[in-house]
Amino acid sequence: MKVLQLASRNVIRSSHRTMVTTLAMAFACAMMIVFSSLMEGFIVGSERNIVSMNTGDIQIHQFGYRDDPDIYKQIEQSSELVVAIRQAGLMASERLFAYGLMASDNSSSGVQLRGIDLDFESTVTQINQHIQTGDWLDTADPHGVVIGKKLARLLDVSIGSELVFVGQTADGYMANDSFHIRGVLKSVSAEIDNSGVIMSNTMLQDLISLPDGAHEITIIRSDRNTDLDAAVQTINALVGDDLEVLNWQQLMPVISQFLETAQVQSLIMLLFTYIAVASVVLNAMLMSVFERIHEFGIMKAVGVRPWQLIRIIYAETFIQTLLASILGLLLGVSITWYFVRYGLDLSSLSEGISFAGLALDPVWYAAWSFESLLSPILFLFVMTTVAVIYPAIKAAVIRPVDAIHHH
Amino acid sequence: MNNFLRTKSSYRVLLFLLLSIFSQWITAEPIEQDSERVHDLLNEVDDLWRGKSSYAITTMQVKTEHYTRSMKMEGWSKGKEQTLFKVVEPLREKGTVTLKSGNHIYTYLPKTDRTIKLTSGMMMGSWMGSHLTNDDLVKEARLEEDYDASISFEGERDGQNIIEFSLIPRLDAAVVWGKLVLIVLADSHIPLVEYYYDEDMLLARTISFSDIKMIGDRERPAVLRVVPADKPDEFTEFTYLHLEFDLELNDRLFSLSSLKRR
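Structure (structure tokens):
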């Protein structure tokens with residue numbers, strides 16, 4: 000009780016020193032919170048772009064379809080299969096693909112038509128919420144399509160523009176129809192950005208005269224915390240050996256490795272940041288103790304025991320660290336909130352990076368996570384505890400006469 | 000003895016020199032003649048279906064693993080660079096026009112009332128669901144420009160007197176084939192078969208010509224059958240129902256603005 004009283008009195012008495020030390024720690028803490036939130040945002044954002052915008056957790060294809068996307072390589076009885084997968088407690092949706100030429104008034108480009116199940120696609124991906132301009136598909140407007148952002152620029156089109164598709168139907172005739180643009184997507188993947196034209200699968204079936212079947216079934220776990228391998232096994236049991244069942248890491252091996260590396264990289268970066276912060280904190284605490292060796296000598300001379308002195312120094316440190324954490328948390332959270340909401344706009348530096356099929360948004364958003372808020376604070380406490388060991392012991396064992404004459 | 004040997008060897012030298020000069024003379028002359036003859040023959044084959052200008056009615060039958068279809072079309076050509084096809088049947092594609100003008104291919108689509116210029120990315124795509132690509136349409140009339148032709152066989156084979164041409168692409172030619180082999184009848188110069196080899200010199204497809212009969216002013220094969228080497232059960236077959244040559248065709252026929260009106 001007495002220790003706390005003394006410590007808080009010390010802290011308040013030398014308000015200038017307290018302020019400098021506390022602010023240094025608070026600033027460091029805030030920076031760490033912002034930095035780890037940004038790293039978290041990068042990893043979560045990339046994974047979301049892959050899994051929740053496009054691949055889902057697991058996909059089913061006909062063997063060989065991914066290497067050679069032939070419209071005849073369909074999944075037989077896909078609608079029954081999808082129902083069975085849903086009954087097994089997973090979300091599933093069918094997709095159909097076709098390739099051809101899309102022409103606008105001024106330009107034309109090879110495109111990938113993506114026919115999606117409007118009722119179920121939103122259960123497996125969030126691509127419908129990833130619209131940059133315009134609206135998502137609507138069953139009432141079958142000729143309205145949503146296209147990738149780079150394709151929109153390439154074709155020089157905007158919402159409402161007319162597009163004409165030319166390709167081939169499954170029975171060897173010309174597939175030809177006109178569409179209009181309902182929406183333009185944000186960055187999803189290199190493939191969708193550059194050539195993706197999304198429409199309902201019924202519209203696409205009509206266009207390419209393919210009455211039933213799908214080329215791809217995309218599956219997602221209802222609860223993302225359940226085991227992915229177990230889900231793959233469930234699907235395998237339903238599907239049999241005739242179809243290829245792969246999880247997203249197998250579908251996107253380069254990106255999944257890249258994200259794993261990114262996680263390690265961010266840990267290393269954090270470590271360096273922490274070390275830099277630690278030296279600041281260490282320095283501040285050392286100064287604040289050594290500055291008062293004279294004072295501690297007098298305290299010892301009036302009968303304060305070494306152990307009590309250590310406790311007083313630690314109490315002071317904890318009061319300051321607590322103060323710094325609260326300040327740091329407030330500052331860090333508000334800066335992070337800004338980056339979560341508005342992002343860090345890097346578009347002046349580069350215009351969207353795409354890497355191995357993964358398109359990175361030029362606006363870098365931060366993401367909230369429990370760890371990125373808690374770990375900097377925890378680290379700060381550990382750091383100060385370690386930092387004060389040396390000066391505290393030094394103060395505790397010093398002979399009063401030496402201390403009083405210490406300058 | 001010694002003397003005799005020396006004389007013999009000098010004879011040998013003389014003989015060798017004579018032979019080499021002679022053989023040079025022998026080979027040099029025919030090569031000169033050959034290239035002119037090859038040129039004339041290939042032109043003759045080219046002109047079989049083309050002339051200065053032409054009008055044709057053909058049917059196209061396509062059989063693939065997944066579908067069988069047939070269609071009927073009208074075609075006009077003028078010179079080597081201008082060709083126009085218009086689908087007459089089936090109703091589903093009636094009025095679809097393909098215009099080849101120089102290096103470009105345009106398609107007019109009646110359903111959407113639009114004319115689309117095919118991009119380079121579409122060139123290897125199938126033309127109207129057949130075994131021909133759009134690139135074939137662009138390249139077909141440029142054999143002489145893109146290939147070095149030579150006669151690789153002349154004489155009797157399988158009971159027929161034939162001439163076999165080998166066409167090797169020039170180094171700077173933008174072609175997808177490694178070699179073309181064209182076999183024509185020796186006396187009438189009517190083509191029998193044409194083999195297309197890919198860049199690895201493996202047979203990629205065969206075009207065979209049959210049903211030789213009087214069409215227009217001379218005998219011509221009325222049927223062309225394209226068979227891809229990797230899918231021997233599939234084919235695209237063109238049958239000429241009607242063929243006319245050297246008509247007066249206005250250049251405007253081959254202009255973009257005329258596509259809609261056709």
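If you're matching them up, the sequences are chains A and B in order.
End of the first sequence = 406 in numbering that gives the first Met the number 0, gap-free, step of one.
End of the second sequence = 261 in numbering that gives the first Met the number 0, gap-free, step of one.
Glycine included, C-beta positions come from ideal geometry on N, C-alpha and C.
Among the options, which residue has its Cα nearest to the Cα of residue i?
i, options, result
"A/Q262", "A/L162, A/V33 and A/L37", "A/L37"
"A/I49", "A/Q125, A/Y273 and A/S121", "A/Q125"
"B/V86", "B/G101, B/S76, B/M70 and B/K77", "B/M70"
"B/L117", "A/T168, A/G114, A/L281 and A/S108", "A/S108"
"A/V43", "A/G331, A/L270, A/L154 and A/E259", "A/E259"
"B/K93", "A/V33, A/F34 and A/N175", "A/N175"
"B/T82", "B/S151, B/D245, B/M122 and B/Y54", "B/Y54"
"B/L131", "B/D46, B/F237, B/D232 and B/L191", "B/F237"
"A/N246", "A/I274, A/S265, A/I216 and A/Q264", "A/I216"
"A/H404", "A/E294, A/L373 and A/V339", "A/E294"
"A/P414", "A/T201, A/M173 and A/A29", "Because chain A in this structure spans residues 0 to 406, residue 414 of chain A falls outside the shown range and cannot be described."
"A/R304", "A/A366, A/T225, A/L89 and A/P399", "A/P399"
"B/Y195", "B/I189, B/S187 and B/R204", "B/R204"
Using only the alpha-carbon positions, how far apart do residue i and residue j sit?
i, j, result
"A/L416", "A/G143", "Outside the modelled stretch of chain A, which goes from 0 to 406, sits residue 416 of chain A, for which no answer is possible."
"A/P141", "A/H129", "19 Å"
"A/S324", "A/V276", "13 Å"
"A/V387", "A/H15", "19 Å"
"A/F178", "A/E161", "6 Å"
"A/Q204", "A/A91", "19 Å"
"A/F411", "A/M284", "Not covered by the structure: residue 411 of chain A. The range shown for chain A is 0 to 406."
"B/I25", "B/A185", "Reliability of the predicted coordinates at B/I25 is poor, the pLDDT of 46 falling under 50, and no value is obtained from them."
"A/R94", "B/K77", "46 Å"
"A/I334", "A/V10", "28 Å"
"B/E243", "B/L201", "37 Å"
"A/L250", "A/Q58", "8 Å"
"A/T272", "A/T316", "21 Å"
"A/A395", "A/I32", "35 Å"
"A/D211", "A/R113", "15 Å"
"A/I297", "A/M24", "29 Å"
Is there a C-beta anywhere in chain A that falls below 9 Å from the one on residue i?
i, result
"B/H65", "yes"
"B/E92", "yes"
"B/I150", "no"
"B/S256", "no"
"B/R169", "no"
"B/T238", "no"
"B/S100", "no"
"B/R224", "no"
"B/K116", "yes"
"B/T111", "yes"
"B/T106", "yes"
"B/T205", "no"
"B/T95", "yes"
"B/G124", "yes"
Please confirm whether residue i has its beta-carbon closer than 9 Å to some beta-carbon of chain B.
i, result
"A/V165", "yes"
"A/A108", "What sits at residue 108 of chain A in the sequence shown is Ser, not Ala. Chain B, which has a Cβ nearer than 9 Å to the Cβ of A/S108, makes this yes."
"A/S371", "no"
"A/L95", "no"
"A/Y341", "no"
"A/L100", "yes"
"A/Y71", "yes"
"A/M202", "no"
Across which residues does DSSP place residue i in a beta bridge pair?
i, result
"A/M101", "A/S108 and A/F164"
"B/L98", "B/L83 and B/Y105"
"B/G154", "B/I161"
"A/I42", "Looking at the DSSP assignment, A/I42 forms no beta bridge with any residue, so it has no partner."
"B/Y239", "B/T57"
"A/D176", "A/F164"
"A/I219", "A/M90"
"A/Q58", "A/T217 and A/L245"
Report the three-state DSSP secondary structure of residue i (helix, strand or coil).
i, result
"A/N224", "coil"
"B/R204", "strand"
"A/H404", "coil"
"A/S13", "coil"
"B/T67", "strand"
"B/M122", "coil"
"A/R398", "coil"
"A/M30", "helix"
"A/S51", "helix"
"A/E190", "helix"
*Give, in chain order, every residue of the segment 161-188 of chain A whose Cβ lies closer than 7 Å to some Cβ of chain D.*
The structure shown contains no chain D; its protein chains are A and B.
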